[in-house]
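Using my numbering, read the sequence shown as starting at 1001 and increasing by one per residue.
Written out below as C-alpha coordinates is the structure these notes cover.
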Amino acid sequence: MGANDPGVASNTEFQISSDPRLNTKASSYYVEDGSYLRLKNLQLGYTFPKKLMAPAHIENLRIYGSVQNLFTITKYKGLDPEMGGNDNSDPRDFGIDRSHYPQARTIMLGLSLIL
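Put into C-alpha coordinates, the structure is as follows:
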(Lines of atoms letter the chains of each structure in order from A and count residues from 1; the text may use other names and numbers.)
(Lines give C-alpha, C1' and ligand atoms only; values in the text may rest on other atoms or scores of the structure.)
Protein backbone atom coordinates (compact mmCIF):
# COMPACT_ATOMS: atom_id res chain seq x y z
CA MET A 1 0.00 0.00 0.00
CA GLY A 2 2.96 2.33 0.37
CA ALA A 3 1.87 3.68 3.73
CA ASN A 4 5.43 3.96 4.99
CA ASP A 5 7.18 4.53 1.65
CA PRO A 6 7.73 8.28 1.11
CA GLY A 7 7.88 7.75 -2.65
CA VAL A 8 4.33 6.38 -2.88
CA ALA A 9 1.24 8.53 -2.28
CA SER A 10 -1.23 6.97 0.12
CA ASN A 11 -4.24 7.98 2.18
CA THR A 12 -3.47 5.24 4.72
CA GLU A 13 -1.60 6.30 7.86
CA PHE A 14 1.15 3.92 8.93
CA GLN A 15 0.17 1.99 12.08
CA ILE A 16 2.59 0.13 14.31
CA SER A 17 -0.19 -1.96 15.84
CA SER A 18 -2.27 -4.42 13.88
CA ASP A 19 -5.28 -3.90 16.19
CA PRO A 20 -8.15 -2.96 13.84
CA ARG A 21 -10.10 -1.32 16.72
CA LEU A 22 -7.21 1.03 17.63
CA ASN A 23 -7.35 0.01 21.30
CA THR A 24 -3.68 0.90 21.69
CA LYS A 25 -4.31 4.62 21.18
CA ALA A 26 -5.21 6.95 24.05
CA SER A 27 -8.96 7.33 24.31
CA SER A 28 -11.65 8.28 26.80
CA TYR A 29 -14.03 5.67 25.36
CA TYR A 30 -13.76 3.39 28.40
CA VAL A 31 -13.78 6.17 31.01
CA GLU A 32 -16.93 6.24 33.16
CA ASP A 33 -18.31 8.46 35.87
CA GLY A 34 -17.09 6.78 39.05
CA SER A 35 -19.12 8.85 41.52
CA TYR A 36 -21.02 6.87 44.12
CA LEU A 37 -22.82 6.98 47.45
CA ARG A 38 -22.08 4.09 49.79
CA LEU A 39 -23.24 3.22 53.30
CA LYS A 40 -20.10 1.51 54.58
CA ASN A 41 -21.07 0.76 58.16
CA LEU A 42 -24.38 0.72 60.00
CA GLN A 43 -24.55 -0.23 63.69
CA LEU A 44 -27.69 -0.55 65.77
CA GLY A 45 -28.06 -1.69 69.35
CA TYR A 46 -30.58 -1.78 72.15
CA THR A 47 -30.01 -2.06 75.89
CA PHE A 48 -33.02 -3.41 77.76
CA PRO A 49 -34.19 -1.40 80.80
CA LYS A 50 -32.85 -2.74 84.12
CA LYS A 51 -36.35 -2.73 85.62
CA LEU A 52 -37.51 -5.13 82.94
CA MET A 53 -34.53 -7.47 83.42
CA ALA A 54 -34.48 -7.48 87.27
CA PRO A 55 -37.18 -10.20 87.70
CA ALA A 56 -35.08 -12.55 85.52
CA HIS A 57 -31.95 -11.77 87.64
CA ILE A 58 -30.23 -10.18 84.65
CA GLU A 59 -28.10 -7.13 85.42
CA ASN A 60 -27.62 -6.00 81.84
CA LEU A 61 -28.87 -7.23 78.46
CA ARG A 62 -27.89 -5.67 75.16
CA ILE A 63 -28.46 -6.84 71.60
CA TYR A 64 -26.68 -5.27 68.67
CA GLY A 65 -25.91 -5.72 65.02
CA SER A 66 -23.84 -4.17 62.29
CA VAL A 67 -23.70 -4.34 58.51
CA GLN A 68 -20.68 -3.31 56.46
CA ASN A 69 -21.16 -2.26 52.82
CA LEU A 70 -24.93 -2.23 53.10
CA PHE A 71 -25.51 -0.52 49.75
CA THR A 72 -23.85 1.44 46.96
CA ILE A 73 -25.68 3.82 44.63
CA THR A 74 -23.80 4.41 41.37
CA LYS A 75 -24.15 4.37 37.60
CA TYR A 76 -20.69 2.80 37.33
CA LYS A 77 -20.86 -0.46 35.34
CA GLY A 78 -17.78 -2.09 36.86
CA LEU A 79 -17.55 -4.23 39.97
CA ASP A 80 -16.76 -1.52 42.49
CA PRO A 81 -16.26 2.25 41.98
CA GLU A 82 -13.88 2.36 44.95
CA MET A 83 -11.26 0.01 43.47
CA GLY A 84 -7.71 1.25 43.48
CA GLY A 85 -5.45 -0.59 41.10
CA ASN A 86 -3.14 -3.55 41.04
CA ASP A 87 -0.92 -4.46 43.96
CA ASN A 88 2.12 -2.92 42.28
CA SER A 89 0.66 0.60 42.88
CA ASP A 90 1.30 1.69 39.31
CA PRO A 91 -0.48 5.08 39.04
CA ARG A 92 -1.71 4.14 35.56
CA ASP A 93 -3.73 1.26 37.05
CA PHE A 94 -5.87 3.21 39.52
CA GLY A 95 -9.56 2.71 38.90
CA ILE A 96 -9.08 -0.40 36.76
CA ASP A 97 -11.22 -3.37 37.83
CA ARG A 98 -8.73 -6.16 37.22
CA SER A 99 -7.40 -8.56 39.85
CA HIS A 100 -9.75 -7.32 42.59
CA TYR A 101 -12.91 -8.59 44.17
CA PRO A 102 -15.58 -6.08 45.15
CA GLN A 103 -15.96 -5.33 48.85
CA ALA A 104 -17.98 -7.98 50.65
CA ARG A 105 -21.12 -7.27 52.64
CA THR A 106 -20.60 -8.39 56.23
CA ILE A 107 -23.42 -8.88 58.73
CA MET A 108 -22.68 -9.30 62.45
CA LEU A 109 -25.09 -9.85 65.33
CA GLY A 110 -24.30 -9.89 69.02
CA LEU A 111 -25.68 -10.31 72.48
CA SER A 112 -24.18 -8.98 75.70
CA LEU A 113 -25.50 -10.53 78.89
CA ILE A 114 -24.40 -9.79 82.46
CA LEU A 115 -26.01 -11.90 85.19
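We treat Cβ as the ideally placed atom computed from N, Cα and C, and that holds for glycine.
As the structure is a prediction and not an experimental result, all values here were calculated from the model.
For residue i versus residue j, is the C-beta spacing smaller than 9 Å?
i     : j     : result
G1110 : I1073 : no
R1038 : V1067 : no
I1114 : E1059 : yes
L1061 : S1112 : yes
M1083 : H1100 : yes
G1078 : Q1043 : no
Grab the span of the alpha helix (DSSP H) containing residue i for me, first residue to last.
i     : result
L1052 : K1050 to M1053
In terms of residues, what are the limits of the beta strand (DSSP E) holding residue i?
i     : result
G1045 : Y1036 to T1047
M1108 : T1106 to I1114
G1065 : N1060 to T1074
Please classify residue i as buried or exposed, where buried requires at least 16 neighbouring CB atoms within 10 angstroms.
i     : result
P1081 : buried
Quick one: grab the DSSP three-state call for residue i.
i     : result
D1097 : coil
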